[in-house]
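Some notes on the structure that comes next.
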Amino acid sequence: TEQKLLKSEKLSAVGQLSASIAHEIRNPLTALKGFLQLMKASEGSIKDSYLEVMSSEMERIELITGELLLLAKPQAHQFKLENIEEIIQNVTTLLGSQALIHNVEIKVVNDKEIPPVHCIANQLKQVFINLIKNALESMQSGGEVLINMKVNDEQTLFISIADEGDGIPEEILRNIGLPFYTTKQKGTGLGMMTSLKIIEAHNGTMDITSTVGKGTVVSISLPLVSCEQVIELAECMN
Ligand code: ADP
Ligand code: MG
Numbered sequence: 235t236e237q238k239l240l241k242s243e244k245l246s247a248v249g250q251l252s253a254s255i256a257h258e259i260r261n262p263l264t265a266l267k268g269f270l271q272l273m274k275a276s277e278g279s280i281k282d283s284y285l286e287v288m289s290s291e292m293e294r295i296e297l298i299t300g301e302l303l304l305l306a307k308p309q310a311h312q313f314k315l316e317n318i319e320e321i322i323q324n325v326t327t328l329l330g331s332q333a334l335i336h337n338v339e340i341k342v343v344n345d346k347e348i349p350p351v352h353c354i355a356n357q358l359k360q361v362f363i364n365l366i367k368n369a370l371e372s373m374q375s376g377g378e379v380l381i382n383m384k385v386n387d388e389q390t391l392f393i394s395i396a397d398e399g400d401g402i403p404e405e406i407l408r409n410i411g412l413p414f415y416t417t418k419q420k421g422t423g424l425g426m427m428t429s430l431k432i433i434e435a436h437n438g439t440m441d442i443t444s445t446v447g448k449g450t451v452v453s454i455s456l457p458l459v460s461c462e463q464v465i466e467l468a469e470c471m472n
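Quick note on the UniProt record's numbering: the sequence shown kicks off at 235 and runs consecutively.
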């Protein structure tokens with residue numbers, strides 16, 4: 235029956251994810267083990283070079299597990315009304331030096347005052363870090379990243395992040411958001427998947443449009459709660 239199918243599909247998705255996580259973490263762990271072995275039998279500068287590889291492999295495990303931790307189910311009490319402009323301001327400051335290295339200017343534009351958003355600030359922050367980093371990494375020869383915020387009918391907040399990067403061909407676009415799917419040498423392929431999960435946990439939507447050679451736009455919508463709903467929420471959380 236339909237229901238059964240849905241369940242087994244879900245199970246296999248979890249199974250697939252666990253398998254790929256195990257694989258991604260086992261690789262650097264195996265490397266670490268090997269280098270530990272080598273280190274026992276060596277000394278001096280060669281030892282230092284082994285240490286360097288080992289610490290970069292450990293960093294990789296840290297990066298992967300750090301991103302995956304964000305997939306933990308958000309709890310109702312973690313949601314608070316937050317100033318999203320401030321969150322984005324925070325992120326652009328954080329990524330300032332990286333933007334400079336890529337010769338990119340990050341611009342933030344919004345049409346009017348943006349009401350507070352009911353969200354988990356740290357998670358949304360991570361989404362914007364992921365998306366803006368991707369934008370920077372796609373812009374080989376610099377340019378502008380434009381972050382635009384708009385309120386629609388007092389109901390929904392729209393945020394778009396547009397870059398002037400390489401753009402994404404159709405066959406790559408199709409795979410974006412799959413765990414560990416990356417086209418980068420040092421990518422984790424977890425940024426888009428975790429971002430999507432976070433936005434969905436906020437009852438929002440995320441989509442991506444791209445033109446090869448021109449750039450990519452990631453669009454996010456987030457619900458804005460009314461005053462009444464805010465009071466209700468506050469009451470049910472006490
Ligand atoms: P990672 O950045 O570690 O590769 P992500 O999940 O963040 O993993 O992104 C997956 C892939 O999607 C990237 O490797 C890249 O090919 C593509 N991608 C995502 N955002 C952009 C963008 N703004 N411009 C071009 N390609 C992008
Ligand atoms: Mg990324």
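Note that CB positions come from ideal geometry on N, CA and C, so glycine has one too. Please read all numbers here as calculations on a predicted model, not as lab measurements.
Check: Buried or exposed by the 16-neighbour rule on C-beta atoms within 10 Å, applied to Pro262; Outcome: buried
Check: For Ser444 and Leu391, believed in contact at Cβ under 8 Å, the rounded distance; Outcome: Actually they are not in contact, since the Cβ atoms of Leu391 and Ser444 sit about 22 Å apart, beyond 8 Å.
Check: Rounded straight-line distance, which links the Cα of Ala275 to that of Leu334; Outcome: 43 Å
Check: Backbone CA spacing between Lys448 and Lys346 [nearest angstrom]; Outcome: 28 Å
Check: Touch test, the stretch 413-433 against the stretch 263-270, Cβ-Cβ under 8 Å, three pairs minimum; Outcome: no
Check: Inter-residue Cα distance where the pair is Gln248 and Ser254; Outcome: Position check: residue 248 holds Val in this sequence, whereas Gln was assumed. Using only the alpha carbons, I get a separation of about 10 Å.
Check: Closest Cα partner of Leu328 within the set Phe362, Leu303, Asp282 and Ala306; Outcome: Phe362
Check: Whole-number beta carbon distance between Cys353 and Ile388, since they are thought to touch under 8 Å; Outcome: Contrary to the premise, residue 388 reads as Glu rather than Ile in this sequence. Wrong, their Cβ atoms sit about 17 Å apart, outside the cutoff.
Check: Beta-carbon gap between Ile322 and Ile381 smaller than 8 Å; Outcome: yes
Check: Inter-stretch contact at 8 Å, needing at least 3 Cβ pairs: the stretch 395-403 / the stretch 270-287; Outcome: no
Check: Buried or exposed by the 16-neighbour rule on C-beta atoms within 10 Å, applied to Val325; Outcome: buried
Check: Below 5 Å from a heavy atom of the ligand MG - residues by beta-carbon; Outcome: Asn368 and Gly425
Check: Where the alpha helix (DSSP H) containing Asn356 begins and where it ends; Outcome: Ala355 to Ser372
Check: Glu398 beta carbon less than 8 Å from that of Met373; Outcome: yes
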